[in-house]
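Asker:
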Amino acid sequence: MTDGAVKHYSVRLSETLINIWVLSNIMGLGEGKLSTTATSLAILDRITDENGATLRELVDETGLAKSTVHKHLSTLCENGYLVKFGETYKLSLHTLSQGRQAIKMRPHFSTVEQRVRELANQTNTEVDFTVEENGRLIIVFESVGSSNGVNFRSGAEFHMHNAAAGKAILAEYPDERVDEILDTWGMPKKTPNTTHCREKLESELVEIKENGYAISDGEPVEGYRSVSSPIMNEDGTVLGAISAGGPTYRVEYSRLSGELAEKVAATAQSLSNDIAKTTIE
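Start counting the sequence shown at 1; every next residue gets the next number (UniProt numbering).
As structure tokens, this is what we get:
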């Protein structure tokens, strides 16, 4: 296997923490030293990330026996997590209801969703609400208003260090938590503009904390820029972040750092205040 192939293999199978832990152990220790549940979850994540996979692809990528992979796939199908289309296994719609239920179980999310739509319509930009979970940035709600730009689907995951929302959240975290996330996921350089130096990021986080918002200009995705501010819980911890942005040809940097930054920060502060009032009441 060439260095390029190894790199591609590692990146593709490292999109979730489970994949990193399980698959690295599979290659080094073998199936016998891994839990059945962890292996099933790694297979499920692989299928989710790649929008489907065949039995042969999973066998080749995990190094597990064909019979072992087949047993895991059969169990996931029997329990409603996967469906089979021809030779390809895909995620079932059963997980959709679980995702919706997960959102319903989180306090204050319904209030945030309404504000996301309002801000998108007011600014004619792409607005989303994201949270940090297991060191990853996850889109919970999104709205593109009346625009027709890039539409990152809800549930999509990103690294924290190169997204405006990720930086806005990291700026509110204690140093120990920031180090833990960066040590676990690294700081891959997705584009030429990506901040991939820890010292530089630390300096940015100090400034972000002072300003109340973070800006990302073509860092996770080339040609896309956004501004984000943190939404706080009543106890001072971070609930998540609200962001506004769009393609660079439609959202000028001067507008992003001016009008949009002010509106995003104001919306985040208003939401934080409402959350605090709701808790007191």
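For glycine and all other residues, C-beta sits at the position ideal for the given N, C-alpha and C.
Owing to the predicted nature of the structure, the values given are computational and were not obtained by experimental measurement.
Could you check which residue in 251, 125, 232, 193 has the C-alpha nearest to that of residue 268?
Answerer: For residue 268, the closest alpha carbon among the candidates 251, 125, 232, 193 is that of 232.
Asker: Helix, strand or coil: which one does DSSP assign to residue 177?
Answerer: helix
Asker: Just confirm the distance between the C-beta atoms of residue 119 and residue 165, as a whole number of angstroms; I'd bet it's less than 8 Å.
Answerer: No, residue 119 and residue 165 are not in contact; Cβ-Cβ is about 14 Å, not under 8 Å.
Asker: Can you tell me which residues form a DSSP beta bridge with residue 238?
Answerer: 232
Asker: Give, in chain order, every unbroken run of the beta strand (DSSP E) that is at least 3 residues long and sits entirely within the region 26–114.
Answerer: 82–85, 88–91
Asker: DSSP on residue 3, reduced to helix/strand/coil?
Answerer: For residue 3, the predicted structure reports a pLDDT of 38, less than 50, and the residue's modelled location is therefore unreliable. A value from the coordinates is still provided. In this structure, DSSP gives residue 3 a helical state, which the three-state scheme calls helix.
Asker: Considering only DSSP beta bridges, list what residue 130 is partnered with.
Answerer: 139, 241
Asker: Confirm, please, whether the CB-CB distance from residue 169 to residue 83 is below 9 Å.
Answerer: no
Asker: Keeping to the same chain, check which residues put their C-beta closer than 7 Å to that of residue 212; ignore five residues upstream and five downstream.
Answerer: 229, 265, listed in sequence order.
Asker: Apart from the five residues just before and just after residue 194, which ones in its own chain have a Cβ nearer than 7 Å to its Cβ?
Answerer: 162, 219
Asker: Have a look at 277, 240, 222 and flag the residue whose alpha-carbon is nearest the alpha-carbon of residue 109.
Answerer: It is 240 whose Cα lies nearest to the Cα of residue 109.
Asker: So, helix, strand or coil for residue 246, using DSSP?
Answerer: strand
Asker: So, is residue 167 buried or exposed, given that buried needs 16 or more other C-beta atoms within 10 angstroms?
Answerer: Buried, because 16 or more other Cβ atoms sit within 10 Å of the Cβ of residue 167.
Asker: Identify whether residue 213 lies in helix, strand or coil by the three-state DSSP scheme.
Answerer: The answer is coil: DSSP assigns residue 213 none of H, G, I, E or B.
Asker: Rounded to a whole number of angstroms, what is the C-alpha to C-alpha distance between residue 78 and residue 154?
Answerer: 26 Å
Asker: Is the region 84–92 touching the region 41–50, taking contact as three or more C-beta pairs under 8 Å?
Answerer: yes
Asker: Assuming the contact rule is C-beta atoms closer than 8 Å, residue 72 and residue 95 should be a hit. Round their C-beta distance to whole Å, please.
Answerer: Not quite, the Cβ-Cβ distance comes to about 16 Å (not below 8 Å), so this is no contact.
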